[in-house]
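Basically my numbering = 1-based index in the sequence shown + 2.
Heads up, the beta-carbon is just placed ideally off N, CA and C, and yes, glycines get one too.
From a predicted model like this one, the values you see are computed outputs, not experimental measurements.
A short worksheet on the structure shown next.
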Amino acid sequence: MKIEAATNADYAYLQVRDHHIVQSLICKKINEKEIYMLRDDNKNNIGWLRFGYFWDNTPFMNMLWLEEPHRGQGFGKEAVLYWEEEMRNTGFNVVMTSTLASEGAQYFYRKLGYRDAGCLLLENEPLEIIMIKQLGN
């Protein structure tokens, strides 16, 4: 798998698939290098990782998505570790993410060293678990 910053050429792919972002923000996130594209050996898109900043100072992974045929093969772990290394190299010591309590992703993140740091309750939604990880130097 190859991981690289999204470019404007990735916009159409993201626009159709990423339903968890306001469409008008996709270009901004691409320009800010806040979306990483995950590609197979043939350079086909197999997913993406999108992030922002919690309190404008802590990297927060908002979305990790892999196309169904590519799940369970270690690509998600590889993408998260790549992102963590990029954040560490940029000078950050802590990263965050979240997942719904009804999703199995919480176990994936815990295996990668994330720990529960709080939660968010929204009306008519499952509990959102906020997770944090200290990055080594």
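Excluding five sequence positions before and after Gly120, the CB atoms of its chain that fall closer than 7 Å to its own CB belong to Ile132, given in chain order. Counting the other Cβ atoms within 10 Å of the Cβ of Val18 gives fewer than 16, which makes it exposed.
The alpha-carbon of Glu36 is positioned some 15 Å away from that of Arg90. Nearest neighbour of Gly49 by Cα position, chosen from Leu40, Leu27 and Asp20, turns out to be Leu40. Note that the segment 25-35 does not touch the segment 69-76; fewer than 3 beta-carbon pairs, one per stretch, sit closer than 8 Å.
The straight-line gap separating the alpha-carbon atoms of Lys135 and Cys29 is approximately 28 Å.
The shortest CA-to-CA distance from Glu130 to any of Leu114, Ala107 and Gly138 is the one to Ala107. Given a length threshold of 4 residues, each whole run of the alpha helix (DSSP H) inside the segment 4-66 is given here in chain order: 13-19 and 28-33. Looking only at Ala14, Tyr38, Val24 and Tyr15, the smallest Cα-Cα distance to Lys4 is reached by Tyr38.
When the Cα atoms are used, Gly74 and Glu125 turn out to be separated by approximately 32 Å. When rounded, the separation of the alpha-carbon atoms in Met98 and Pro61 is 6 Å. A Cβ-Cβ contact shorter than 7 Å links Tyr15 with Asn47. Beta-bridge partners assigned by DSSP to Lys135: Val97.
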